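Visitor: Pasting a structure here, questions to come.
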């Protein structure tokens with residue numbers, strides 16, 4: 001075997017020339033780092049060795065089984081989730097909006113994260129949320145209920161959606177702005193509300209944060225491919241469709257898209273056929289919720305700015 005990294009992971013270090021897909025000698029020198037300490041950057045589909053005998057035995061695989069370089073989770077998830085150029089939303093503990101597009105070094109830097117794509121000449125643009133599924137998990141713990149139960153109660157609340165607003169900044173935020181001092185909030189609470197209405201507000205708040213990131217990316221019109229554990233929710237995909245005004249296509253295996261990206265990379269390396277593009281449920285934005293979505297977005301942005309000012313004053 002050999003020690004190596006891939007271009008997507010190399011991008012995150014801040015020392016890589018994304019156009020050349022190799023370490024930038026001027027940057028490495030500027031930080032006083034010995035270049036010998038950096039691993040070689042190899043293509044994601046490079047075969048870098050075979051399994052060690054102990055690993056092959058433990059996994060029940062042949063000892064000559066090739067090991068493909070691969071890439072990190074965000075790049076693999078994007079590669080496995082959506083077609084080139086299509087928007088991809090991931091809802092795990094954290095979350096992001098991402099897309100693949102041809103690399104344009106002249107357009108850098110952008111107000112979001114740019115990673116080298118597993119395929120040469122392409123880039124992955126990611127606008128991340130620090131808290132996505134973690135927000136739903138947090139409320140589930142507070143409410144003392146399983147998320148499936150809360151989803152059913154939120155589904156019932158959807159007939160008359162609550163005005164309660166949730167700011168999902170439980171750990172700060174890093175896109176479309178960086179503010180680690182910012183914290184979340186539940187606003188406009190009503191004594192008549194139950195936990196279903198509050199769970200609804202939490203899911204909608206994350207959906208509005210995703211809309212903020214979509215707008216920051218100036219994303220062209222088109223559907224969103226939804227992946228991650230949040231894609232299995234009975235309510236969340238529809239709220240994202242309403243908040244963004246876009247069709248939401250749920251991946252048929254929402255928690256397996258990262259593994260699917262790894263498979264796609266290995267398939268290129270080993271000459272295997274590409275896997276089929278699987279789509280499950282499709283959610284259309286509801287025309288009768290368009291005006292509400294825009295009103296909620298304006299309120300969300302206003303409340304976010306107020307919360308940021310309070311956080312800055314408290315420092």
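Numbering (UniProt numbering), first residue to last: 1 to 315. Glycine included, C-beta positions come from ideal geometry on N, C-alpha and C. Fair warning: this is a prediction, and the values are worked out from it, not measured in the lab.
(1) Taking only three categories from DSSP, how would you classify residue 226?
(2) Per the DSSP calculation, residue 79 is bridged to which residue(s)?
(3) Give every residue of the same chain whose Cβ lies closer than 6 angstroms to the Cβ of residue 224, excluding the five residues on either side of it in the sequence, and list them in chain order.
(4) Give me the Cα-Cα distance between residue 315 and residue 149, rounded to the nearest whole angstrom.
(5) Could you tell me which uninterrupted alpha helix (DSSP H) segments, each at least 4 residues in length, are contained entirely in the region 140-226, listed from first to last along the chain?
(6) How many Å lie between residue 104 and residue 37 at the Cα?
(7) Could you pull out every residue in the same chain whose Cβ sits closer than 8 angstroms to the Cβ of residue 299, ignoring the five residues on either side in sequence?
(8) Around the Cβ of residue 6, are there at least 16 other Cβ atoms within 10 angstroms (buried) or fewer (exposed)?
(9) Using 8 angstroms as the cut-off, can you tell me whether the region 140-155 makes contact with the region 213-228, which would need three or more C-beta pairs spanning the two stretches below that distance?
(10) Identify whether residue 130 lies in helix, strand or coil by the three-state DSSP scheme.
(11) Mapping the DSSP letters down to three states, classify residue 34 as helix, strand or coil.
(12) Where does residue 287 fall in DSSP's three states?
(13) Between the alpha carbons of residue 180 and residue 41, how many angstroms are there, rounded?
(14) Leaving out five residues before and five after residue 133 in sequence, what residues of the same chain have Cβ atoms less than 6 angstroms from its Cβ?
(15) Of the residues 212, 261, 283, which one's Cα is nearest the Cα of residue 277?
(16) Out of curiosity, what's the CA-to-CA distance linking residue 296 and residue 120?
(17) Is the beta carbon of residue 275 closer than 8 angstroms to that of residue 263?
(18) Is it the case that the CB of residue 162 approaches a heavy atom of the ligand MG more closely than 7 angstroms?
(19) Would you kindly work out how many angstroms separate the C-alpha atoms of residue 272 and residue 44, rounded to a whole number?
(20) Considering Cα atoms alone, identify which of 147, 154, 73 is closest to residue 115.
(21) Using the beta-carbon count (16 or more within 10 Å), is residue 188 buried or exposed?
(22) Between 34, 110, 302, which has its C-alpha nearest residue 125's C-alpha?
(23) According to DSSP, simplified to helix, strand and coil, what is residue 72?
(24) Taking Cβ positions, are residue 68 and residue 50 nearer each other than 8 angstroms?
(25) Assuming residue 89 is part of the beta strand (DSSP E), what are its boundary residues?
(26) Rounding to the nearest angstrom, what Cα-Cα distance links residue 78 and residue 219 in this structure?
(27) Could you round the C-beta distance between residue 167 and residue 196 to whole angstroms and report it? I think they count as a contact, below 8 angstroms.
(28) Please return the same chain residues whose Cβ sits closer than 6 angstroms to the Cβ of residue 20, not counting the five positions on each side in sequence.
(29) By a C-beta neighbour count over all protein chains shown, 10 Å radius and 16 as the cutoff for buried, is residue 290 buried or exposed?
(30) Residue 41 bridges to which residues according to DSSP?
Guide: Looking at the atomic coordinates:
(1) If you number the chain shown from 1, residue 226 lands on position 226. Strand, per DSSP.
(2) On the chain shown, position 79 is the one that residue 79 refers to. Answer is none; residue 79 lacks a bridge partner.
(3) Here the question's residue 224 lines up with position 224 in the chain shown. Hits under 6 angstroms: 87, 89, 246, 248.
(4) Within the chain shown, residue 315 is the residue found at index 315, counting from 1. Within the chain shown, residue 149 is the residue found at index 149, counting from 1. C-alpha of residue 315 to C-alpha of residue 149: approximately 39 angstroms in a straight line.
(5) Runs of the alpha helix (DSSP H) inside the region 140-226: 147-157, 195-216.
(6) Translated into positions along the chain shown, residue 104 becomes position 104. Translated into positions along the chain shown, residue 37 becomes position 37. Between residue 104 and residue 37, the C-alpha separation is close to 29 angstroms.
(7) Residue numbering aside, residue 299 sits at position 299 when the chain shown is read from its first letter. Taking C-beta separations shorter than 8 angstroms and ignoring five residues to either side along the sequence, the partners of residue 299 in its chain run 165, following chain order.
(8) Residue numbering aside, residue 6 sits at position 6 when the chain shown is read from its first letter. Result: buried.
(9) By the criterion of at least three beta-carbon pairs nearer than 8 angstroms, the region 140-155 is not in contact with the region 213-228.
(10) What you label residue 130 is simply residue 130 of the chain shown in a count that begins at 1. If DSSP states are grouped into helix, strand and coil, residue 130 belongs with coil.
(11) In the chain shown, counting from the first residue as 1, residue 34 sits at position 34. DSSP, reduced to helix, strand and coil, places residue 34 outside both helices and strands of the structure shown, so it counts as coil.
(12) If you number the chain shown from 1, residue 287 lands on position 287. Three-state DSSP puts residue 287 in a helix.
(13) In the chain shown, residue 180 corresponds to position 180, counting from 1. In the chain shown, residue 41 corresponds to position 41, counting from 1. Their Cα atoms are separated by approximately 31 angstroms.
(14) Working through the chain shown from its first residue, we reach residue 133 at position 133. Annotation for residue 133: 91, 92, 93, 229, 230 place their beta carbon closer than 6 angstroms to its own, counting only its chain and skipping 5 residues before and after.
(15) Here residue 277 refers to the residue found at position 277 of the chain shown. Comparing Cα positions, the closest option is 261.
(16) Translated into the one-based positions of the chain shown, residue 296 becomes position 296. Translated into the one-based positions of the chain shown, residue 120 becomes position 120. Going by the C-alpha atoms only, they are around 40 angstroms apart.
(17) Here residue 263 is taken as the residue at index 263 of the chain shown, counted from 1. Here residue 275 is taken as the residue at index 275 of the chain shown, counted from 1. In this structure, residue 275 lies closer than 8 angstroms to residue 263 by Cβ.
(18) This structure lacks the ligand MG, and indeed carries no ligand of any kind.
(19) Walking along the chain shown from the start, residue 272 turns up at place 272. Walking along the chain shown from the start, residue 44 turns up at place 44. Approximately 15 angstroms between the Cα atoms of the pair.
(20) Here residue 115 refers to the residue found at position 115 when the chain shown is read from its first residue. It is 73 whose Cα lies nearest to the Cα of residue 115.
(21) In the chain shown, the residue the question calls residue 188 occupies position 188. Exposed, by the Cβ-count rule.
(22) Here residue 125 corresponds to residue number 125 of the chain shown, with the count starting at 1. By alpha-carbon distance to residue 125, the top candidate from 34, 110, 302 is 110.
(23) One-based indexing of the chain shown puts residue 72 at position 72. Here residue 72 sits in coil by DSSP.
(24) Here residue 68 corresponds to residue number 68 of the chain shown, with the count starting at 1. Here residue 50 corresponds to residue number 50 of the chain shown, with the count starting at 1. By the CB criterion at 8 angstroms, residue 68 and residue 50 fall outside the cutoff.
(25) By one-based count along the chain shown, residue 89 stands at place 89. In this chain, the beta strand (DSSP E) harbouring residue 89 covers 87-91.
(26) Position 78 of the chain shown, counting from 1, holds the residue named residue 78. Position 219 of the chain shown, counting from 1, holds the residue named residue 219. Whole-angstrom Cα-Cα distance: 16 angstroms.
(27) Sequence index remark: in the chain shown, residue 167 carries index 167 (1-based). Sequence index remark: in the chain shown, residue 196 carries index 196 (1-based). Residue 167 to residue 196, Cβ: 20 angstroms. No contact.
(28) On the chain shown, position 20 is the one that residue 20 refers to. Counting only Cβ-Cβ distances below 6 angstroms, and skipping sequence neighbours, we find nothing.
(29) Position 290 of the chain shown holds residue 290. Under this definition residue 290 is an exposed residue.
(30) Position 41 of the chain shown, counted from the start, is the residue given in the question as residue 41. For residue 41, which the question treats as bridged, DSSP gives the partners 5.
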